[in-house]
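Numbering (mature numbering (1 follows the signal peptide of the UniProt record, and there is no 0)), first residue to last: -19 to -1, 1 to 970. What follows is a set of notes on a single structure, which appears directly below.
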Amino acid sequence: MKKSLFFFLMVIVGVNLYAQDPFPRNDVKDDRSGKYAFTNAIVHVDHSLIINNATLLIEDGTVLSVIENGSVPVGYYVNDLTGKHIYPAFVDPYTTFGMPKVESSGFSWGRREQITSPRKGPYNPNAAIKSDINASEMFNYDDKTANSFRKAGFGSVLSLNKDGIARGTSVFVNLHGENVNDLLVKNQAAAHYSFDKGSSKQDFPFSQMGAIALLRQTFMDAKWYNETNPYLDLTLEGLNNSFSLPQIFEVGDKLSVLRADKVGDEFGIQFIIMGAGDEYQMVDKIKETGASLILPLNFPDAYDVSDPFAALDITLEQMKHWEMAPANAAILDKNDIRFAFTASGLKNPSDYVKNVQKAVKNGLSEEKALAAMTSIPADLIGIKGVGNLKNGSYANFIITDKSLFEEGVSIIENWVAGDKLVVNQIPTAETRGYFTLSIGDEKFQLIGKGKSSKPSHEIKINDSTNIKTKSSWQNDQLSISFDHEGKLYLLSGWKSEKGFSGEAMVNSDWVAWNATLDSSYVEKVKKKEEKPVEYGEMIFPFASYGRTTIPEQKTYIIKNATVWTMEDDGILVGSDVLVEGGKIKKIGKNISANGAIEIDGTGKYLTPGIIDEHSHIALDGVNDVAVNSSMVRMKDVVDNSDINIYRQLAGGVTAAQLLHGSANPVGGQSALIKMRWGMSPQEMLIKDADEFIKFALGENVKRSSSSSSIRFPQTRMGVEQVFEDAFNNALDYERKWEAYNSLSKKEKAHTPAPRRDLVHEAMLEIINKERFITCHSYVQSEINMLMNLAERYGFRVNTFTHILEGYKVADKMAEHGVGGSTFADWWAYKWEVRYAIPYNATLMTGAGVTTAINSDDAEMGRRLNQEAAKSIKYGGMDKYEAMKMVTINPAKLLHLDERMGSVKEGKDADLVLWTDEPTSVYAKVEKTFVDGRVMFYVEESQALEQSMAKERERLIKKMLNVKENGGETQKPVPNGEKNFHCDDFFYQF
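In structure tokens:
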């Protein structure tokens, strides 16, 4: 007990010491005690503790006590708050209050490239890494903005400089006064990150995958710097010094939540995620991250769908998100995900309470809502004295005229550290009611109504005529003005025994006036029928053709089909195929299995699923711009909701290699996926597959057609030198690590370890045959160059893709052991394709080259069976051999032929049931199986289309109703589909 009393006294002493002003003044100081008592209030000490008829005592900006029916000591200013509520002032954990405006670098075609950082001094070589920045050193208190926050109910905010990928540290401030020493609560409050490079004009990183690679390398550099101290880098020092703080990562969508968390997991960091409001769409996977979230409340407005043609520009996903966004918090709460609210993204902080109320109407409990506004944001940042009204906390609180979550609530006052801001002045007398108004010799009926905090009055002339007045209550004075029959009435008065009285000016004459209360005002409350909020069903993925459930693996028998095995067994007529546990269990005639679902294959054709060796679908970006981008990973930016996944399932595609583009000689690391529509990006990746990487030759990488490009290389000779340098540097890197690892434990203690380098590690994996090259190629001279270069370094190129001059060097390709993945008949779309011929695939196959037909295009990707069939037309290729070029051959090129690419017992049940012979233009896909799941079938697709049409109709009606009732709407804006090719650039934060 003595210890507790001592601690409480020390808190008070500390506050008093803190309250002393060491700064010189140029005015008369107000030495009043700063002691205030608030009596008869309903005090919400925190989100879970409510005290009725409470007395709140504060002194020098600190809470002394909150006691039910507590007495007031002598010397306190007393505020009677009968019927009023007191809440902890809100805490916003994500603002730019007091920070300079950040100008985004954007992107401009034709802009001269910027390769190095313009920052002068011992800073990071990439200008998007700003970990040395402390927001407290940039902070500039803005009283106007502070008051806009305070009027919305906020007492304290965290403020950061929203610039860069690593953004430095933020500052936590109370919103009162202009003396930074007084209002600053915590100097370095949290460390901040994003995937947005902000004001940096350096070309790298251009993509989100590039941002991820840069962040991974930076974290590795920080660890190495901390252990070796090799040179002065203030940015890395700032990063190392900030790791003990809360780590907050801002993202642009639900997928980036998972991407940021994955980076954190790699380095043992649990990020707090500043979200985008669509987290409910992947709630299960987000829950698995264990991350706490900061949620914006900038719910989208309904779309103006009154023009049916404009409505076509709105996707189903956009419509459903409009409806479900307000339920985001409730859905997360039901899944035990911790979150705080922020006003970030709102047009005005004044919308904050209204939108929290909307979240409550959409299923969030009031208790959890209040916690998300107060105690949780404080706890996330590690600030103990805000977000509650416990003894010793800052006296940060708001006074409201009714419950915070009741419609029409008004904030009356906001106190921050004992500093009072009147938001809405409440009359000390009731101005509402029915009065007899006497002005000199004239009599009127005065009707006072409206809110108690914002009274309004009317003058009743007769049963059909009322005159509106201008009314205000300031400093215990009532002012009313109105015009009637050419006369201007200006009344000013105060509370009297029976109502109000005072002096009035009528035109230019002064007369006495009084208003006698006849009867009290009875507020008419419109009874609203509370209907439960209804939503459409959740779908996976959250996009067109999403399902309410993901198809399950089941046991199937496809009976009596013509099976194109793509094995030496050839074509089996009238055969059965048993699928069980996601695998091909048995192939033969008259197969039976208990509980199996039979599918009649009579007159139909069964093939293995088509595999696209070169695709750019299902990605949030395809290119980054470093000369050597081997550190970027396409698997970091897989987009599981890309509609092209479903479309390609409809074309029989079951797997693909997602490649980096051809903007640079050494591109990024590939992602091998299966078309598991509805599953998460991580679940789409093919487990335990070999690793691949994109190389590129030719016009795209040398960029000589761009007058603004200053980046090496500019010639085809320079492209070769890029490879030479990269492999030589990787070998030198390996030697350094071998030398270090050969040291004894004692020697290592005195020898700095080499710096880990993600670029060198990826290049070394190629030399060591742990990563395999797919190379964008056209011209025979460069094809020969890369094969010769690879042989000098002791490895082989795995695949030449495009390879439109492959027919010229097919014999050398076969000797080297490299495969070819080509277009069937694309040519003449740029100069280096002028020698392309439609016989290329046939000629390479004839020379012994493992040859595949690829798409490099989302539309072509769903017609690869027809692309393969072009070699039948042009080269006279056998139909069966042609079909191999989109099944078993790409499986071989991707080292997956032991698992897929043919109909063989034990392989993955990736199968396609066709209505006709699969190389025919009349062949349609009836069913597509992936891992024994029916991921596409015609009847379901038609049912999904009907369901989507009904859902759109329901949502359109709902949005039309919003407009008819005067609600806010937004204009539809076309949301263009991503359809990437090798040379496309795209950035998504």
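Even glycine gets a Cβ: it sits at the ideal position worked out from N, Cα and C.
Note that the C-beta distance between G136 and N395 is below 8 Å. For P289, no beta strand (DSSP E) encloses it; the enclosing alpha helix (DSSP H) starts and ends at P289 to A292. Secondary structure note for L165: its beta strand (DSSP E) is the uninterrupted segment L165 to K167. L215 is not a Cβ neighbour of T150, given a cutoff of 8 Å. A straight-line Cα-Cα distance of about 10 Å links R319 and L361. The alpha-carbon of K566 is positioned some 8 Å away from that of K888. Taking a C-beta distance under 8 Å as the contact criterion, V337 and F322 qualify as a contact pair. If you draw a straight line from the Cα of H962 to the Cα of L600, it comes to about 11 Å.
The beta carbon of Y206 lies closer than 8 Å to those of D214, L217, E218 and N221 in the same chain, with the five residues before and after it left out.
Distance from the Cα of G787 is smallest, within the candidate group T450, I568, G842 and G827, for G827. An exposed status is given to K424, since fewer than 16 other beta-carbon atoms sit within 10 Å of its beta-carbon. Across the set E298, L559, K564 and P589, the C-alpha of L559 shows the shortest separation from the C-alpha of N575.
In the three-state reduction of the DSSP assignment, S802 falls in the strand class. Restricted to the stretch 778 to 854, the beta strand (DSSP E) segments that are unbroken, complete and at least 3 residues in length are 780 to 783, 800 to 803 and 832 to 834, listed in chain order. DSSP, read as helix, strand or coil, puts G584 in coil. Within the stretch 850 to 913, complete beta strand (DSSP E) segments of at least 3 residues are found at 892 to 895 and 906 to 911, given in chain order.
When the five nearest sequence neighbours on each side are left out, the beta carbons in the same chain lying within less than 8 Å of the beta carbon of K683 are those of P694, Q695, T696, R697, G699 and V700, in order along the chain. Beta bridge pairing from DSSP links D73 with V138. Counting the other Cβ atoms within 10 Å of the Cβ of H731 gives fewer than 16, which makes it exposed.
V700 is not bridged by DSSP to any residue. Considering only E751, S52, K143 and L892, the residue with the shortest C-alpha distance to V911 is L892. The continuous beta strand (DSSP E) containing H465 extends over residues Q458 to H465. Where W303 is concerned, the enclosing alpha helix (DSSP H) starts and stops at L297 to M305.
A direct Cα-Cα distance of roughly 8 Å separates L824 from A791. Annotated three-state conformation of K383 is coil, per DSSP. Counting other Cβ atoms within 10 Å of its Cβ, K938 stays below 16 and is therefore classed as exposed.
According to DSSP, residue pairing for M255 in a beta bridge involves E231 and I275. A Cβ-Cβ separation of about 6 Å places T868 in contact with I592 under the 8 Å criterion. Inclusion of A291 and G948 in the CB contact set at 8 Å is not warranted, their separation being larger than that value. Pairing D400 with G158 gives a Cβ-Cβ distance under 8 Å.
Using a 10 angstroms sphere on the CB of K143, the tally of other CB atoms reaches 16 or more, which defines it as buried.
Per DSSP, L226 lies in no alpha helix (DSSP H) segment and is marked neither H nor E.
Under DSSP, T36 takes part in a beta bridge, and its partners are I48.
When secondary structure is reduced to three states using DSSP, E94 falls in the coil class, being assigned neither helix nor strand. Between the beta-carbon of G562 and that of G913 there is about 7 Å, and that keeps the pair under the 8 Å contact cut. Rounded to the nearest angstrom, the gap between the Cα atoms of S419 and R935 is 57 Å.
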